[in-house]
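Residue numbers (the working numbering), protein chains in the order written: chain A, 456 to 1053; chain B, 18 to 361. Worksheet: the structure to be examined is printed underneath.
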Amino acid sequence: MERIRNFSIIAHIDHGKSTLADRMIQLAGLADTRTFKDQILDTMDIERERGITIKSQAITLPYRARDGQSYLLNLIDTPGHVDFSYEVSRSLASCEGVLLLIDAAQGIQAQTLANLYMAMEHDLEVIPVINKIDLPSADIDMVMEQIENELGLDPFTSLTCSAKEGKGIEEILEAIVERIPPPRGDSNNPLSALIFDAYYDPFRGTIVSCRIFDGMIRASQTIRLMSNKATYRVEEVGRFSLSRNKKNHLEAGEVGYIIAGIKTVSDVRVGDTITCDDHPCEKPLPGFKEAKPVVFASIYPIASDDYEELAAALEKYTLNDASFIYQKDSSVALGQGFRCGFLGLLHLDIVQERLEREYDLSIILSVPSVRYRFTMKNGESAFIDNPAHFPEPAQISKSEEPYIRATMMFPERYLGAVMKLCIERRGENSNINYPAPGRVELNFEMPLASVIFDFYDNLKSITQGYGSFDYTMIGYRESDLVLLDILVNGEKVDALSQIVYRGIARPRALQACERLKEEIPRQMFKIAIQGAIGGEIIARTTISPFRKDVTAKCYGGDITRKRKLLEKQKKGKKRMKMVGSVSIPQSAFVAVLKSENT
Amino acid sequence: MPAFISSLIDEMNMYRDSFDRFDTIYLGGGTPSLLDGRKINIILQALFSSFRFTDDLEITIEVNPSDLTLESARALHGSGVNRINIGIQSFDNNELSFLGRRHSSREGADAIENARTAGFTNVGLDLIYGICGQTLESWFKTLDFALSYTPEHLSCYQLTIEPSTPLGIEYINGSIDMPNEDLLYDFFIKSSEKLEEAGYLHYEVSNFARESKWMSKHNRKYWFHSPYLGLGPSAHSFYGRKRWWNYSSVDTYITSIKDDKMPPIEGSELLTSEQLCLEAFFLGIRTKEGIDLEEYSQKFHCDFFAQHSALLTKLIEEGIIRITDKNLQPTRRGLALADSLSII
Chain A
456 MERIRNFSII
466 AHIDHGKSTL
476 ADRMIQLAGL
486 ADTRTFKDQI
496 LDTMDIERER
506 GITIKSQAIT
516 LPYRARDGQS
526 YLLNLIDTPG
536 HVDFSYEVSR
546 SLASCEGVLL
556 LIDAAQGIQA
566 QTLANLYMAM
576 EHDLEVIPVI
586 NKIDLPSADI
596 DMVMEQIENE
606 LGLDPFTSLT
616 CSAKEGKGIE
626 EILEAIVERI
636 PPPRGDSNNP
646 LSALIFDAYY
656 DPFRGTIVSC
666 RIFDGMIRAS
676 QTIRLMSNKA
686 TYRVEEVGRF
696 SLSRNKKNHL
706 EAGEVGYIIA
716 GIKTVSDVRV
726 GDTITCDDHP
736 CEKPLPGFKE
746 AKPVVFASIY
756 PIASDDYEEL
766 AAALEKYTLN
776 DASFIYQKDS
786 SVALGQGFRC
796 GFLGLLHLDI
806 VQERLEREYD
816 LSIILSVPSV
826 RYRFTMKNGE
836 SAFIDNPAHF
846 PEPAQISKSE
856 EPYIRATMMF
866 PERYLGAVMK
876 LCIERRGENS
886 NINYPAPGRV
896 ELNFEMPLAS
906 VIFDFYDNLK
916 SITQGYGSFD
926 YTMIGYRESD
936 LVLLDILVNG
946 EKVDALSQIV
956 YRGIARPRAL
966 QACERLKEEI
976 PRQMFKIAIQ
986 GAIGGEIIAR
996 TTISPFRKDV
1006 TAKCYGGDIT
1016 RKRKLLEKQK
1026 KGKKRMKMVG
1036 SVSIPQSAFV
1046 AVLKSENT
Chain B
18 MPAFISSLID
28 EMNMYRDSFD
38 RFDTIYLGGG
48 TPSLLDGRKI
58 NIILQALFSS
68 FRFTDDLEIT
78 IEVNPSDLTL
88 ESARALHGSG
98 VNRINIGIQS
108 FDNNELSFLG
118 RRHSSREGAD
128 AIENARTAGF
138 TNVGLDLIYG
148 ICGQTLESWF
158 KTLDFALSYT
168 PEHLSCYQLT
178 IEPSTPLGIE
188 YINGSIDMPN
198 EDLLYDFFIK
208 SSEKLEEAGY
218 LHYEVSNFAR
228 ESKWMSKHNR
238 KYWFHSPYLG
248 LGPSAHSFYG
258 RKRWWNYSSV
268 DTYITSIKDD
278 KMPPIEGSEL
288 LTSEQLCLEA
298 FFLGIRTKEG
308 IDLEEYSQKF
318 HCDFFAQHSA
328 LLTKLIEEGI
338 IRITDKNLQP
348 TRRGLALADS
358 LSII
């Protein structure tokens, strides 16, 4: 145990975490340059493309240190996005230390701070590492100053490296050995192991990643998951190398995997404690929480024939993503679909992209919604995340929406613009700190609904890429909420209904009407598009009809050609949705659902 | 005898016993009036000896005004042609030159008179509207002039611009200014109103008959899926579920008949029920009488009308279609939208 080190790399997005991990894997000799794929730990295409880690991964690096001893360095990779902060916290709980990676050109960012605080909560040894020193714009002195002033760490404990060029990597490995304490624990105690990740293998079922705190685990032993008391017989244990490396047993202090005939990933909960069924430990490891979705949207197949395929894809998808939940839903306009819950918008994007890419499905998503709380006049209260379930307005005595505290960091020159953006998004109780000259840390309390759309994109564009963003949920607050419906020739298009704050209902409605007007082709009669709250029309546009389209001649030689043309048009029309008497193309839904602004 | 006519006669012989009685002959498509009366006579005689015909046989020929001298009109009438369709297009010389026609307004008028003098009692005129620079007023002038001859039949076609023609290229380049959709709609509706006031029957999108007996018996076959046999280059035929068409190049047509001793068929299709159903609908909806609902649903086992009830109700409300006790019919406004109605 003395020669085991468990650590994570934490960083703001794009600060080079995956590249550093790759270099460490190379240096440990696990992969040679020939077989090396960049960013080995990010196994999914999307991860590689977006350069972010979605799921945690772990790997054991054998390392012969300068003291002549051989060590096992367990690197536990963490997801780098606010949507996944619970997963990050469970990974950190499995470590004794972290590398806090900072971009030499960008300096400290919001997530650097958020991650550091999290590491401190777990009493971890923090090794600051300044990366990207090869960049022309690298400013090591500036970052050292920030480490001292903004993080309150000793700047002289920091290391420098260029993961891209492979410089400074060995020094980092040495520091891990020297400065991060070895794990504590006793292999003779009853088993207690923390689950920090799980993924699905089509041949072996769920592969559980865990850190053993006490005791020992080996094949054929019966284990118990403490949150739901489910028991399983262990088939195999081992360490993570580039592939799985089977071992006789895992003991206290180690990080590895367990295969135990667990069918789906949702049967295990990240943060849960594994113990031995015969001699259970007294109490579970602290910090376990059920991951709760915060953003909800419905998914529909573009062609209604694809419903069964979508259902199958979702079932398969959830094998590997326990934080994604779904249930049946249906829309008059879009047919059969599923109501889904996500950890955040990035999570939603990832699910959508994977369904389209890996399962080759064309899908459409309804307007994302948060979970609102309504208290009725009869005293009952309900959480509602689907506009279809909006209560009868006359029965509502109180409506509330979830609020967050947003933390943004950016150069001072953007303060005015960012303040304006936050206030437009109904931000309140702002708080400004100047952690360093020229830099601002801005806090705002804001409704979650007003940041889930495109707040981060807007922030990035306003600050020309220098702004960073992080948030925590702070509970529910009273808010004047209404149900905004969109009507086409008097027929409600249910998939376009949204629960919104009354103050933004009108601009939202107008925007939806204008988008629909651009996308719905002219038809044989006038089409009125309206936005309405209850019976009250708050926005309106119209599409004028076309009046003549008939071909002048249609005789013997013209019929086949004409029919082929009509068959094509008919096919195109089949992809449109009929709402009452109006055909609405899929693009119209997409245009409205992709709404930005307000 | 020219090779073309002898090929045509060979082709007739290939179909000798495969069709029952015919009740119409239509000499048209291209410009059959380029052939002199003697050659037309040879073709007709060959038809009479190859096929069987009913007593009330309608024989139509399409002619260019400049080809229709009194002499040729008499020859055609003498050969048994009993319906003549003259490609007048316009009585405005500027419009005629825009259309690239080789006849003048005067020649158009002469042609009609020659037809009458030669004894034709069933004369049809083809007119075109939607010409560059044309106003409703100038169009009505042409229409009035045409009406002054009390033709039995009128076809009023909206000018169709084919992208590959010289006119089409000019149009795409933006060097000519064509009437917009609103004006074209006005042309269509106002012509229909005017002609129906004058007693004509607007029986198909572009066709008007002075009385129902003067409707083109032949063309109606296309719209009601009746069988027909097309002879000559490019000609289309239809029987049952099958449609086939000949080589469009005259040379290929002639060589194919000579070498293969088989009908010079370039392509064919066997229509599925779904295709037949679509055709029956889009062809039927072009006619005033529309679609016989009961017959249609029996023939195609189609719950189409139940499926589209919301849209149909709306279209009835908007005055685009109507449902009589038997038929689904386009209104006058509906005829202008027949293409869209075809794909509801």
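Just so it is clear, CB atoms sit at the ideal spot from N, CA and C, and this is done for glycine as well.
Assignment of Y32 (chain B) by DSSP, reduced to helix, strand and coil, places it in the coil class. For Q292 (chain B), the chain A residues whose Cβ falls inside 7 Å of its Cβ are R1018, in order along the chain. Taking C-beta atoms as the reference points, S233 (chain B) and R118 (chain B) fail to come closer than 9 Å. Scanning its chain for C-beta atoms nearer than 8 Å, with the 5 sequence neighbours on each side dropped, one finds around I627 (chain A) the residues L475, M479, L554, I582, V584, L614 and C616, in chain order. Residue environment: G307 (chain B) is assigned as buried (16 or more neighbouring CB atoms within 10 Å of its CB, all protein chains considered).
Distances from the CA of D558 (chain A) to each of A:D804, A:Y572 and A:D589 were compared; the closest alpha carbon is that of A:D589. Within the model, the alpha-carbon separation for P636 (chain A) versus M456 (chain A) is close to 10 Å. Contact check for F865 (chain A) and Y911 (chain A): beta-carbon distance about 12 Å, past the 8 Å limit, so the pair fails to qualify. At a cut-off of 9 Å between beta-carbon atoms, R1030 (chain A) makes no contact with chain B. In the DSSP assignment, the residues bridged to T515 (chain A) are A:N529. Judged by their CB atoms, H470 (chain A) and T612 (chain A) are not nearer to each other than the 9 Å cut-off. Against F39 (chain B), chain A offers no close residue; the least beta-carbon distance is about 14 Å (beta-carbon pairs closer than 7 Å). Counting of Cβ neighbours within 10 angstroms places S229 (chain B) among the exposed residues, the total staying below 16.
Excluding the 5 residues flanking it on each side, V937 (chain A) has same chain C-beta neighbours closer than 7 Å at V955, R957, A960 and I988, in chain order. DSSP, reduced to helix, strand and coil, places P902 (chain A) within a strand of the structure shown.
Neighbours of T1015 (chain A) in chain B, taken as residues at a C-beta separation under 7 Å, are given in chain order as R260 and E286. Only residues of its own chain outside the window of five on either side were considered, and among them I672, R673, A674, S675, Q676, T677, I678, I713, I714 and A715 have a CB closer than 8 Å to the CB of V689 (chain A), listed in chain order. In terms of beta-carbon proximity, A355 (chain B) lines the interface with chain A, with at least one pair separated by less than 9 Å. DSSP places K701 (chain A) outside any alpha helix (DSSP H); the residue lies instead in the beta strand (DSSP E), whose first and last residues are R699 to K702. Taking C-beta separations shorter than 7 Å and ignoring five residues to either side along the sequence, the partners of G97 (chain B) in its chain run L61 and I76, following chain order. Judged by DSSP secondary structure, W156 (chain B) falls within the alpha helix (DSSP H) whose first and last residues are L153 to L164. Classified as buried, K587 (chain A) has 16 or more neighbouring CB atoms from the shown chains inside 10 Å of its CB. For chain B, the residues of the stretch 998 to 1009 of chain A that bring a beta carbon within less than 7 Å of one of its beta carbons are F1001, R1002, K1003, D1004, V1005, T1006, A1007, K1008 and C1009, in chain order. Taking C-beta atoms as the reference points, C173 (chain B) and L116 (chain B) fail to come closer than 9 Å. Between L74 (chain B) and D40 (chain B), the CB-CB gap stays under 9 Å. Fewer than three pairs of CB atoms, one per stretch, sit closer than 8 Å, so the stretch 965 to 978 of chain A makes no contact with the stretch 796 to 807 of chain A.
Beta-bridge pairing by DSSP links V1037 (chain A) to A:V1034.
Assignment of beta strand (DSSP E) within the stretch 670 to 717 of chain A, counting only whole runs of 3 or more residues, yields 671 to 673, 677 to 680, 686 to 688, 691 to 695, 699 to 702, 704 to 706 and 710 to 714 in chain order. Under the 8 Å Cβ criterion, the stretch 1009 to 1018 of chain A does not count as touching the stretch 990 to 1001 of chain A, having fewer than three qualifying pairs.
Of the candidates A:N604, A:E847 and A:K915, the residue whose Cα lies closest to the Cα of G990 (chain A) is A:E847. Q1024 (chain A) has a beta carbon lying within less than 9 Å of a beta carbon in chain B. Under the criterion of beta carbons closer than 8 Å, V1005 (chain A) and A904 (chain A) do not qualify as touching, at roughly 49 Å. In this structure, the beta-carbon distance from L171 (chain B) to A163 (chain B) falls below 9 Å. By the C-beta density criterion, D669 (chain A) is buried, having at least 16 other C-beta atoms within 10 angstroms.
In this structure, A:I819 is the residue among A:I459, A:A593 and A:I819 with its C-alpha nearest to the C-alpha of R1030 (chain A). A direct Cα-Cα distance of roughly 46 Å separates D652 (chain A) from S1038 (chain A).
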